[in-house]
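Engineer:
Chains as they are written, first to last, in full-length UniProt numbering: chain A, 1 to 336; chain B, 1 to 336.
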């Protein structure tokens, strides 16, 4: 395909419950010539993220809903193939948010040049060096107020945000880090690769029982990617003054019924608990500290990460649906 | 009865659901002679409070459960009738926590001398100058972080804590204060006597609908005395960054089934909301500021309060059960 053509994936219809391939459509467009100040980028990796499911609904949220017919926008990294600005050169690696398409172009301000780091694939800017791990960092430090010695529980811990959260908690002085995941393989990975002190498969037995067993001294911080039964269990196992950062509720994203809320909210009063929801875009203040910490941890090998790479733009929808089902370990990206 | 006798009301058995008179027993005891350093107090007013219901259960809470056979302890005010300490004189008015009995005695450290204020009954130290209004003060200022210009919703607003919360919010610069209550008379009282900008009867229509209509610009702070449907409604009507102080959940105290939790917890993430439970005993820091503010507001007539007074120690249980049913307006006290 010529560099002046781009294949894009658009939202065709809004899903009820689980999305299906029919909710998306593929189009090939001819790109206009670059205007002064613009660059053209051949994308190498696209990000697929749980929050995109929310944007497929026509409902108030922190991000505008996708319009029908709109390209599935989101984070992507690629390399500049044509430039009409002095700020960005051909060959530069860039991060942008123009989403699920093979070639992106636009004004220089839409692209951020990132460093090629030896031994680290460009896709890291979608995960461990990107919004994904920054979400974990903000949730623990800013939202939940993690302190040294805290016992920390992370749900959905084998996912991209969760695996970063567990490691960041440990590196920031947590006493004991506990994770949940949905397969035996993921549980082994949490205890091995990611250094969680304890981990369990939430499908094996009630979360409350497994969390109590894994946290004999209770928990002080809960990083919630799941909601539902996990949140209710955390409210029962919290020590006095426990704090939860509510980051995601993947357990309910594809439900067509209103989820049942935690039945033990009264614990919040008796135990002085706090729950705080957040989306990372509202907390830019810690970004420099995050980049400094994470670069150091990556250099020293103190933090590790995993990616689930799906090959081919034409498999983006498949990858996104697999993500919704929890088929990924670590950050899921589409490689073009 | 001689001053050396005391009539006390004790917990006889633990209720399942609503307490009944059978859960209590009355005993008359002969008091030992005062030891050195002790005082004897003829109680004038006893406090009955919703939190006492929680202590009747045999369950972990912020306050220890009452033991079977134990006197129903709680706040009371009275006047010293005998003293063997130089710190406290006969005739002094004192506040203590020795509960539902006609005569209390013990070491001077168990009693705090309070000022007789012209025009203010001693029972005020159980309400507007006591833990009740201090709970409202802490919840708004410390827990919910009330700021000038906030729109504030208070549930159970005709109760002792709620009516104080609504007035304190207004006096601390809230833009619009909205209250809910359970009878038409209470709703009128909120709008008239207590100066709420809007109020509704939660029994008239779904809370969500009535709250939306009363708060066309949304709410920023929610002071929750009720839980359940009220909390769920607040989560829907909150503006971005909304904060709730969870003080009580009277809707569930006497339920034998686990209450249904809010089904819209996902709003917490998309709207960046926070919920924080508290009990006032953990927040002594603001007490001096509270006494200064409240004394000034009472002097100037900027704050008003109401009491529901039940006459006679023998009617304490009746009063407590009426409180649970919401029969009080403002602070309920037992007058001896």
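Cβ coordinates follow ideal geometry from the N, Cα and C atoms, glycine included.
Can you tell me where the beta strand (DSSP E) holding residue 29 of chain A begins and where it ends?
Structural biologist: Numbered from its first residue, the first chain carries residue 29 of chain A at position 29. Looking at the DSSP string, the run of the beta strand (DSSP E) that includes residue 29 of chain A is 24-30.
Engineer: Considering only DSSP beta bridges, list what residue 105 of chain A is partnered with.
Structural biologist: Locating residue 105 of chain A in the first chain gives position 105, counting from the first residue. Residue 105 of chain A is bridged to A:40.
Engineer: Could you tell me whether the stretch 284-295 of chain B touches the stretch 127-137 of chain B, using the rule of 3 or more Cβ pairs below 8 Å?
Structural biologist: Contact between the stretch 284-295 of chain B and the stretch 127-137 of chain B is present, with at least three C-beta pairs closer than 8 Å.
Engineer: Just curious, the alpha helix (DSSP H) that residue 119 of chain A is in, first and last residue?
Structural biologist: Start at 1 with the first residue of the first chain, and residue 119 of chain A comes out as number 119. No alpha helix (DSSP H) holds residue 119 of chain A; DSSP gives it neither H nor E.
Engineer: Give, in chain order, every residue of the stretch 176-207 of chain B whose Cβ lies closer than 9 Å to some Cβ of chain A.
Structural biologist: none
Engineer: Just tell me which of B:58, B:111, B:216 has its CA closest to the CA of residue 11 of chain B.
Structural biologist: Taking the second chain and counting its residues from 1, the one referred to as residue 11 of chain B is at position 11. For the set B:58, B:111, B:216, the Cα lying nearest the Cα of residue 11 of chain B is the one of B:58.
Engineer: Could you tell me which residues DSSP puts in a beta bridge with residue 191 of chain A?
Structural biologist: Along the first chain, one-based indexing puts residue 191 of chain A at 191. None, per the DSSP bridge assignment.
Engineer: Which same chain residues end up closer than 7 Å to residue 225 of chain B when comparing Cβ atoms and leaving out the 5 residues on each side of it in sequence?
Structural biologist: The residue you call residue 225 of chain B lines up with position 225 of the second chain. Taken in chain order, the residues that qualify are 155, 156, 159, 161, 162, 247, 248, 250.
Engineer: Against residue 132 of chain A, what residues of chain B qualify as contacts under a CB-to-CB distance less than 8 Å, listed in chain order?
Structural biologist: As a working mapping, residue 132 of chain A is identified with position 132 in the first chain. Among the residues of chain B, none has a CB under 8 Å from the CB of residue 132 of chain A; the nearest is roughly 16 Å distant.
Engineer: Roughly how many angstroms lie between the CA atoms of residue 39 of chain A and residue 126 of chain A, to the nearest whole one?
Structural biologist: Within the first chain, numbered from 1, the residue matching residue 39 of chain A stands at position 39. Within the first chain, numbered from 1, the residue matching residue 126 of chain A stands at position 126. Rounded to whole angstroms, the gap between the alpha carbons of residue 39 of chain A and residue 126 of chain A is 20 Å.
Engineer: Identify which residue in A:220, A:69, A:324 has its Cα closest to the Cα of residue 182 of chain A.
Structural biologist: Locating residue 182 of chain A in the first chain gives position 182, counting from the first residue. Nearest of A:220, A:69, A:324 to residue 182 of chain A, Cα basis: A:324.
Engineer: Along the chain, where does the alpha helix (DSSP H) that runs through residue 207 of chain A open and close?
Structural biologist: Here residue 207 of chain A corresponds to residue number 207 of the first chain, with the count starting at 1. 207-214 is the span of the alpha helix (DSSP H), which, as asked, contains residue 207 of chain A.
Engineer: Terminal residues of the continuous alpha helix (DSSP H) containing residue 289 of chain B?
Structural biologist: The residue given as residue 289 of chain B occupies position 289 in the second chain. Unbroken alpha helix (DSSP H) run through residue 289 of chain B: 287-300.
Engineer: Assign residue 175 of chain B to one of three DSSP states: helix, strand, or coil.
Structural biologist: The count along the second chain starts at 1 and reaches residue 175 of chain B at position 175. If DSSP states are grouped into helix, strand and coil, residue 175 of chain B belongs with coil.
Engineer: What residues of chain B sit near residue 276 of chain A, judged by a beta carbon separation below 7 Å?
Structural biologist: Walking along the first chain from the start, residue 276 of chain A turns up at place 276. Per Cβ cutoff of 7 Å: 274.
Engineer: Give, in chain order, every residue of the stretch 279-303 of chain B whose Cβ lies closer than 8 Å to some Cβ of chain A.
Structural biologist: 279, 282
Engineer: Cβ of residue 43 of chain A within 8 Å of Cβ of residue 91 of chain A?
Structural biologist: For the purposes of this step, residue 43 of chain A is taken as the residue at position 43 of the first chain. For the purposes of this step, residue 91 of chain A is taken as the residue at position 91 of the first chain. For residue 43 of chain A and residue 91 of chain A, no; Cβs fall outside 8 Å.
Engineer: Find out if the Cβ-Cβ distance for the pair residue 110 of chain B, residue 333 of chain B is shorter than 8 Å.
Structural biologist: Translated into positions along the second chain, residue 110 of chain B becomes position 110. Translated into positions along the second chain, residue 333 of chain B becomes position 333. Going by C-beta atoms, residue 110 of chain B is not nearer than 8 Å to residue 333 of chain B.
Engineer: Can you check whether the C-beta of residue 389 of chain A is within less than 8 Å of a C-beta belonging to chain B?
Structural biologist: For residue 389 of chain A there is no data in the structure shown, the boundaries of chain A being 1 and 336.
Engineer: Considering only residues of the same chain and omitting the five flanking positions on each side of residue 172 of chain B, which have a CB-CB separation below 8 Å?
Structural biologist: Start at 1 with the first residue of the second chain, and residue 172 of chain B comes out as number 172. Excluding sequence neighbours, residue 172 of chain B sits near 140, 141, 146, 148.
Engineer: Just tell me which of B:22, B:129, B:89 has its CA closest to the CA of residue 68 of chain B.
Structural biologist: To locate residue 68 of chain B, count along the second chain from 1; it is residue 68. Minimum Cα distance to residue 68 of chain B is reached at B:22.
Engineer: Beta-carbon within less than 7 Å of residue 297 of chain B's beta-carbon, same chain only, minus the 5 sequence neighbours each way: which residues are those?
Structural biologist: Translated into the one-based positions of the second chain, residue 297 of chain B becomes position 297. Counting only Cβ-Cβ distances below 7 Å, and skipping sequence neighbours, we find 171, 303.
Engineer: Examine chain A for any beta-carbon lying closer than 8 Å to the beta-carbon of residue 15 of chain B, and answer yes or no.
Structural biologist: For the purposes of this step, residue 15 of chain B is identified with residue 15 of the second chain, where counting begins at 1. No, residue 15 of chain B lies away from the interface with chain A (no Cβ there is under 8 Å from its Cβ).
Engineer: Less than 8 Å between the beta carbons of residue 273 of chain B and residue 238 of chain B, yes or no?
Structural biologist: Locating residue 273 of chain B in the second chain gives position 273, where the first residue counts as 1. Locating residue 238 of chain B in the second chain gives position 238, where the first residue counts as 1. Against a cut-off of 8 Å, the Cβ pair of residue 238 of chain B and residue 273 of chain B comes out as a contact.
Engineer: For residue 265 of chain B, decide whether its Cβ has a neighbour in chain A, counting only Cβ atoms nearer than 8 Å.
Structural biologist: For the purposes of this step, residue 265 of chain B is taken as residue 265 along the second chain, with counting starting at 1. For residue 265 of chain B, the answer is yes, since a Cβ of chain A falls inside 8 Å of its Cβ.
Engineer: Roughly how many angstroms lie between the CA atoms of residue 129 of chain A and residue 4 of chain A, to the nearest whole one?
Structural biologist: Residue 129 of chain A sits at position 129 when you count from the first residue of the first chain. Residue 4 of chain A sits at position 4 when you count from the first residue of the first chain. Computed Cα separation, rounded: 30 Å.
Engineer: Tell me which same chain residues have a C-beta within less than 6 Å of the C-beta of residue 99 of chain A, skipping the five on either side of it?
Structural biologist: One-based indexing of the first chain puts residue 99 of chain A at position 99. The answer, listed in chain order, is 71, 72, 73, 74.
Engineer: My understanding is that residue 264 of chain B touches residue 236 of chain B, with C-beta atoms under 8 Å, so please give their C-beta distance in whole angstroms.
Structural biologist: The count along the second chain starts at 1 and reaches residue 264 of chain B at position 264. The count along the second chain starts at 1 and reaches residue 236 of chain B at position 236. About 6 Å separates the two Cβ atoms, so the contact holds.
Engineer: How would you label residue 27 of chain A, buried or exposed, when you count the other beta carbons within 10 angstroms and need 16 or more for buried?
Structural biologist: On the first chain, position 27 is the one that residue 27 of chain A refers to. Burial call: exposed.
Engineer: Which bits of chain A does residue 246 of chain B rub up against, with CB to CB less than 7 Å?
Structural biologist: Residue numbering aside, residue 246 of chain B sits at position 246 when the second chain is read from its first letter. Residues of chain A passing the Cβ test: 268, 269.
Engineer: Checking 8 Å against the spacing of the C-beta atoms, do residue 45 of chain B and residue 317 of chain B come in under that value?
Structural biologist: Residue mapping note: residue 45 of chain B aligns to position 45 of the second chain, counting from 1. Residue mapping note: residue 317 of chain B aligns to position 317 of the second chain, counting from 1. Cβ atoms of residue 45 of chain B and residue 317 of chain B: not closer than 8 Å.
Engineer: Please report the residue range of the beta strand (DSSP E) in which residue 76 of chain A lies.
Structural biologist: Position 76 of the first chain, counting from 1, holds the residue named residue 76 of chain A. That run of the beta strand (DSSP E) goes 76-83.
Engineer: Counting C-beta neighbours from all protein chains within 10 Å, is the total for residue 32 of chain A 16 or more, i.e. buried, or is it exposed?
Structural biologist: As a working note, residue 32 of chain A is residue 32 in the first chain. Exposed, since its Cβ has fewer than 16 Cβ neighbours within 10 Å.
Engineer: Any beta carbon of chain A sitting closer than 8 Å to that of residue 234 of chain B?
Structural biologist: For the purposes of this step, residue 234 of chain B is taken as residue 234 along the second chain, with counting starting at 1. So, not an interface residue.
Engineer: Residue 164 of chain A to residue 287 of chain A, Cα distance in whole Å?
Structural biologist: Walking along the first chain from the start, residue 164 of chain A turns up at place 164. Walking along the first chain from the start, residue 287 of chain A turns up at place 287. Spanning the two alpha carbons is a distance of roughly 15 Å.
Engineer: Please report the Cβ distance between residue 242 of chain B and residue 269 of chain B, rounded to the nearest whole angstrom; I am assuming they are in contact, meaning their Cβ atoms lie under 8 Å.
Structural biologist: On the second chain, position 242 is the one that residue 242 of chain B refers to. On the second chain, position 269 is the one that residue 269 of chain B refers to. So it is not a contact: roughly 13 Å between Cβ atoms.
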